[in-house]
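Report on one structure; see the data block that follows.
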Amino acid sequence: MYEVEILTGNETAAYAAMNSNVRVVAAYPITPATPVVETISKLVESGKMLAKFIRVESEHSAMAACIGASAAGSRAFTATSSHGLAYMHEMLHWATNARTPIVMAVANRAIGPGWNIWADLGDSLSQRDTGWMQFYCSNNQEIYDTIAMAYKLAENRKVLLPAMVCYDGFVLSHTAMPVELTEFGDFLHEYEPVWKLDAEKPFTHGNILPPEEFAELRHNVQKSHDRALKLMHKVEEEFYELYGRRTPLILEEYKVEDAEKVIVTMGAIGSEAKVAVDSLREKRVKAGLVRLRCFRPFPEKQLKELLEDKKIYVFDRAISPGSGGPLYQELKAALASTPIKRITPRIVGIGGIDVTKRTFERALFERKIWIKEVIS
Amino acid sequence: MLISIRFHGRGGQGAVTASKLLAQTASEMGYYSQSMPFFGAERRGAPVISFTRISDEPIYEMSQVYHPNIVVVLDPVIMKVVDVFRGVKEGGWIVANTTKKPDEFVFGQEYLNIVAVDATGIAIKNDLLVAGMPVVNTPMLGALLRADIPLNIEVLEGIVARKFGKEGKKNVKAISEAYEFAEVKLIHGSGKRRYPKKQKIKVEFPISTPAEGVAGKTKLWRDFRPEINYDKCNDCLNCWLHCPESAIRLNDRVEIDYDYCKGCLVCAAVCPKKAITSEREVFADV
Numbered sequence: 005m006y007e008v009e010i011l012t013g014n015e016t017a018a019y020a021a022m023n024s025n026v027r028v029v030a031a032y033p034i035t036p037a038t039p040v041v042e043t044i045s046k047l048v049e050s051g052k053m054l055a056k057f058i059r060v061e062s063e064h065s066a067m068a069a070c071i072g073a074s075a076a077g078s079r080a081f082t083a084t085s086s087h088g089l090a091y092m093h094e095m096l097h098w099a100t101n102a103r104t105p106i107v108m109a110v111a112n113r114a115i116g117p118g119w120n121i122w123a124d125l126g127d128s129l130s131q132r133d134t135g136w137m138q139f140y141c142s143n144n145q146e147i148y149d150t151i152a153m154a155y156k157l158a159e160n161r162k163v164l165l166p167a168m169v170c171y172d173g174f175v176l177s178h179t180a181m182p183v184e185l186t187e188f189g190d191f192l193h194e195y196e197p198v199w200k201l202d203a204e205k206p207f208t209h210g211n212i213l214p215p216e217e218f219a220e221l222r223h224n225v226q227k228s229h230d231r232a233l234k235l236m237h238k239v240e241e242e243f244y245e246l247y248g249r250r251t252p253l254i255l256e257e258y259k260v261e262d263a264e265k266v267i268v269t270m271g272a273i274g275s276e277a278k279v280a281v282d283s284l285r286e287k288r289v290k291a292g293l294v295r296l297r298c299f300r301p302f303p304e305k306q307l308k309e310l311l312e313d314k315k316i317y318v319f320d321r322a323i324s325p326g327s328g329g330p331l332y333q334e335l336k337a338a339l340a341s342t343p344i345k346r347i348t349p350r351i352v353g354i355g356g357i358d359v360t361k362r363t364f365e366r367a368l369f370e371r372k373i374w375i376k377e378v379i380s
Numbered sequence: 141m142l143i144s145i146r147f148h149g150r151g152g153q154g155a156v157t158a159s160k161l162l163a164q165t166a167s168e169m170g171y172y173s174q175s176m177p178f179f180g181a182e183r184r185g186a187p188v189i190s191f192t193r194i195s196d197e198p199i200y201e202m203s204q205v206y207h208p209n210i211v212v213v214l215d216p217v218i219m220k221v222v223d224v225f226r227g228v229k230e231g232g233w234i235v236a237n238t239t240k241k242p243d244e245f246v247f248g249q250e251y252l253n254i255v256a257v258d259a260t261g262i263a264i265k266n267d268l269l270v271a272g273m274p275v276v277n278t279p280m281l282g283a284l285l286r287a288d289i290p291l292n293i294e295v296l297e298g299i300v301a302r303k304f305g306k307e308g309k310k311n312v313k314a315i316s317e318a319y320e321f322a323e324v325k326l327i328h329g330s331g332k333r334r335y336p337k338k339q340k341i342k343v344e345f346p347i348s349t350p351a352e353g354v355a356g357k358t359k360l361w362r363d364f365r366p367e368i369n370y371d372k373c374n375d376c377l378n379c380w381l382h383c384p385e386s387a388i389r390l391n392d393r394v395e396i397d398y399d400y401c402k403g404c405l406v407c408a409a410v411c412p413k414k415a416i417t418s419e420r421e422v423f424a425d426v
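As you go down the protein sequences, you meet chains A and B in turn. For reference, each letter of the first sequence is one residue, going 5 to 380 in the working numbering. For reference, each letter of the second sequence is one residue, going 141 to 426 in the working numbering.
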């Protein structure tokens, strides 16, 4: 048994980076992700974490420094949120095409104006096309486990992609709950890069690439995502064997088999949805839940198998204006062969609106797409 | 079993720390627990809330607590601006830092248990002060354990002794004093609960226009009260220029608007004549 501590989501992310033997952290503080960096800087200063902490002047530079560190062969980590993530956008693409397996904690928060510091998955979902793997967490233990699992997957030579581990700002980033602080030594060995920057053997990185070669590089990024999806079960199993915890990487299903109405969602509200399913079942509504963990790569096949004959309610804590909820759009595409009336969109929790079990209960029986109030 | 607790306090009093310490105590005793603070534009003195859940089963709720079993009020001033009784379950518990007696509490539930304790007095007596402000979170946890909650005071004291280092001893003493001196009584209420009407929101453009007191009368955030000594004041307007709240008015002379002054004391710091002094602010109890 490992130590169980009462930790916030942000503290958890910092400890996960330490126990994943991260060697370089470059970061710039932003609410609500700041305590991740704060905790890491304390761990580095006290000598508990053997990493180089680089203070930079912006998030753009933070990611650039992480790319440099990773290209030089180090396991790199950073954390950000909202406007900070938006500011990193260019470098996010860079990290993908450079094939640097960086892991980043993202405390999900709305993007202004109006100024709003609260939970909203719109910041990371608007980075969905950057080529990063994206995992969404529902509790702090999941944040802890996912960071280590993300490194395992990202550094696999069949993958070599960066990964975001996302969790709702404040709802998880500042909420403390028990976390088992496993040491990952047996699960994660030191990072061994395929190539690394080396002054003795100089080469250019990020050189000009003509059309056909660029297309090949992009195709390989796509193929790596496909391979990552196939490797996830193996990583889950290996983790379970070592630590006895089942932490799903693709999705978690809850009472889906005999369900008629299935809630599909992700993030912290996916945990609250579990409470809603139990409550609905007490009222004789055959409800179920699919909590998506991995948005990129998008597990189309797995979702299709689970949901083909169900009545689906997709709860998005984000909006792609002019289109709709991002998860709804993706799922609709994945289930294109299914009658569209079986898939119903719901927009909840925007800008930190508290999502309660009653939000889900009501949304299943009302026709409104948007729920813009707290249903307490 | 799921016990939910709501803490009301002001920034700096340690409401968030209290809810986390409570979750730690529960965890150490084998319960599942969660501590969820609500954050806004916090600052020392501003009203804050935090929630703790304790259960013998895993906790999946990730929403705020709307129907608490127990409410802890760390500061008497809070009751002037926040309805601390809101949503509390019938027969629930109010644990209040107050110099009043349990009989003096008025609420809309049929019955509530009131735990009254002068935590500020206990904090001052035990020298629990940060920047001159009494920190009441540990004694309030001592009083909280008089409510219907299956936690052991020795476990709490053990955690506080361990986490607070050399400050541990006096905090532990404050906890046991508050536990001992708290007055507990079942009180009859009016039975008429009031629910505030929901307002219709309309936002098209993210603009705001200058308005007085959109955050209410923020004087209640104040721990220190600046006073201008007009014998020394030379009307240089430095204080007026630097006041972050525009709470210094220009009439015939500079005047502090005590309804909105939050007591940051920037004015005192920038005054070249040292004409602004500060006094500890004491608002009348509710």
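We treat Cβ as the ideally placed atom computed from N, Cα and C, and that holds for glycine.
Query: Ordered list of beta strand (DSSP E) runs contained in the region 95-173 of chain A, each at least 3 residues; Result: 107-112, 137-140 and 167-172
Query: Check whether GLY292 (chain A) and LYS336 (chain A) have beta carbons under 8 Å apart; Result: no
Query: Range covered by the alpha helix (DSSP H) that runs through GLY259 (chain B); Result: For clarity, residue 259 (chain B) is Ala in the given sequence; the question names Gly instead. Here the alpha helix (DSSP H) through ALA259 (chain B) covers 259-265.
Query: Extent of the continuous beta strand (DSSP E) to which VAL307 (chain B) belongs; Result: Val is not the amino acid found at residue 307 (chain B); the sequence shown has Glu there. Note, GLU307 (chain B): premise wrong, no beta strand (DSSP E); not H, not E.
Query: Uninterrupted beta strand (DSSP E) stretches inside the region 150-220 of chain B (no shorter than 3 residues); Result: 172-178, 187-195 and 210-213
Query: Which residues DSSP lists as bridging LYS315 (chain A), in chain order; Result: A:LYS265
Query: Inter-residue CB distance, GLY356 (chain A) and PHE57 (chain A) (contact presumed, cutoff 8 Å); Result: Actually they do not touch by this definition, with Cβ atoms about 30 Å apart.
Query: Cα-Cα separation, ALA280 (chain A) to GLU245 (chain A); Result: 31 Å
Query: Through-space distance from PHE364 (chain A) to ILE316 (chain A), alpha-carbon basis; Result: 13 Å
Query: In chain order, each alpha helix (DSSP H) run of at least 4 residues that lies wholly inside the region 315-339 of chain A; Result: 330-338
Query: Alpha carbon of ARG103 (chain A) to alpha carbon of SER175 (chain B), nearest angstrom; Result: 39 Å
Query: 8 Å contact criterion, which CYS379 (chain B) and ILE347 (chain B) should meet: CB distance rounded; Result: Incorrect: roughly 30 Å between the Cβ atoms, too far for contact.
Query: With 16 other Cβ atoms within 10 Å as the buried cut-off, status of PHE188 (chain A); Result: buried
Query: Chain-ordered neighbours of ILE351 (chain A) on chain B, where CB pairs are closer than 7 Å; Result: Under the 7 Å cutoff, chain B gives no residues; its nearest Cβ is about 16 Å from ILE351 (chain A).
Query: Helix, strand or coil at HIS328 (chain B) according to DSSP, with G and I counted as helix; Result: strand
Query: Exposed unless 16 or more other CB atoms sit within 10 angstroms - verdict on ARG150 (chain B); Result: buried
Query: LYS56 (chain A), enclosing beta strand (DSSP E) - first and last residue; Result: 56-59
Query: Neighbour-count burial assignment, LEU269 (chain B), 16 or more Cβ in a 10 Å radius; Result: exposed
Query: Beta-carbon proximity of ALA158 (chain B) to SER173 (chain B), cut-off 8 Å; Result: no
Query: Distance, ALA301 (chain B) Cα to LYS229 (chain B) Cα; Result: 33 Å
Query: Cβ of ALA163 (chain B) within 8 Å of any chain A Cβ; Result: yes
Query: Chain B within 8 Å of VAL294 (chain A), Cβ atoms only; Result: no
Query: Presumed contact (8 Å Cβ cut-off) between ILE375 (chain A) and ALA367 (chain A), rounded CB distance; Result: 6 Å
Query: Closest by C-alpha distance to ILE106 (chain A), when choosing among A:SER62, A:SER50 and A:VAL28; Result: A:VAL28
Query: Selected residue, minimal CA-CA separation from ILE289 (chain B), among B:VAL255, B:LYS372 and B:ILE189; Result: B:VAL255
Query: Where ARG146 (chain B) falls: helix, strand or coil (DSSP); Result: strand
Query: Validate contact between the region 295-314 of chain A and the region 132-140 of chain A using beta carbons, cut 8 Å, 3 pairs; Result: yes
Query: Short CB-CB distance (under 8 Å) between PRO177 (chain B) and chain A; Result: yes
Query: Chain A contact residues for PRO187 (chain B), given Cβ-Cβ distances below 9 Å; Result: Simply none; closest approach about 17 Å.
Query: Contacts around CYS70 (chain A), its chain only, beta-carbon distance under 6 Å, and the 5 residues preceding and following it disregarded; Result: ALA30, ALA80, THR82 and ILE106
Query: VAL268 (chain A) vs VAL198 (chain A) beta-carbon contact at 8 Å; Result: no
Query: Collapsed DSSP secondary structure at ILE396 (chain B) in the structure displayed; Result: strand
Query: Interface residues of the region 8-21 of chain A facing chain B [CB-CB below 9 Å]; Result: VAL8, GLU9, ILE10 and THR12
Query: Neighbour flag for VAL426 (chain B) against chain A, beta carbons, 8 Å; Result: Note that VAL426 (chain B) scores a pLDDT of 40, beneath 50, so its modelled location is shaky and nothing firm can be said.
Query: Proximal chain E residues relative to GLU201 (chain B), where beta-carbon distance stays under 7 Å; Result: Given the protein chain composition of this structure (A and B), no chain E is represented.
Query: Straight-line Cα distance separating ALA263 (chain B) from ARG362 (chain B); Result: 19 Å
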